[in-house]
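So the number in my numbering is just where the residue sits in the sequence shown, counting from 1, plus 5. Each remark here refers to the structure printed beneath this line.
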Amino acid sequence: ETTEEVSESNKIYDPLNLYPSDSEERKNGMIKSIEPEVVVANAVVDPLGLYDSDSGEVDSGAIMSQALPFATRPLMLTGELPGDAGFDPLGFAKSREDLMNYREAEIKHARLAMLAAAGWPL
């Protein structure tokens, strides 16, 4: 059984997981993953220049947050959601489900606040 390398443009996007795990498409690597691959790195970030850069302790490839430039970007905030600038200083979004739950709650609260602001002058 030979598995050929499939180009990125020929991969199948399966967001609902309709293809079973034992299908030929999954076995041959033709299914495109739903979520991007997350690289976990224990990075030492040195915004003040306290460490010697030649010591190897400082990770120059760490992805920094746009919202807090001195902090690393949280793992669940990949930049794929609108308005995602990497702001989660307390680390509430520990999983993808938590992130989507907090996002939905924020949208509901924002809509309620807009209705309250519109009804205030009345």
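Glycine included, each C-beta is placed from N, C-alpha and C at the ideal position. Quick caveat: nothing in here was measured; it's all calculated off a predicted structure.
- In the DSSP assignment, M105 falls within the unbroken alpha helix (DSSP H) covering R101 to G124.
- Counting other Cβ atoms within 10 Å of its Cβ, M105 stays below 16 and is therefore classed as exposed.
- Following the DSSP letters along the chain, one finds R31 inside the alpha helix (DSSP H) bounded by residues E29 to K32.
- With respect to the 7 Å criterion, Q71 and G91 are classified as neighbours on the basis of their beta carbons.
- CA-to-CA, the gap between I68 and L127 works out to about 48 Å.
- P87 counts as exposed, since fewer than 16 other beta carbons sit within 10 angstroms of its beta carbon.
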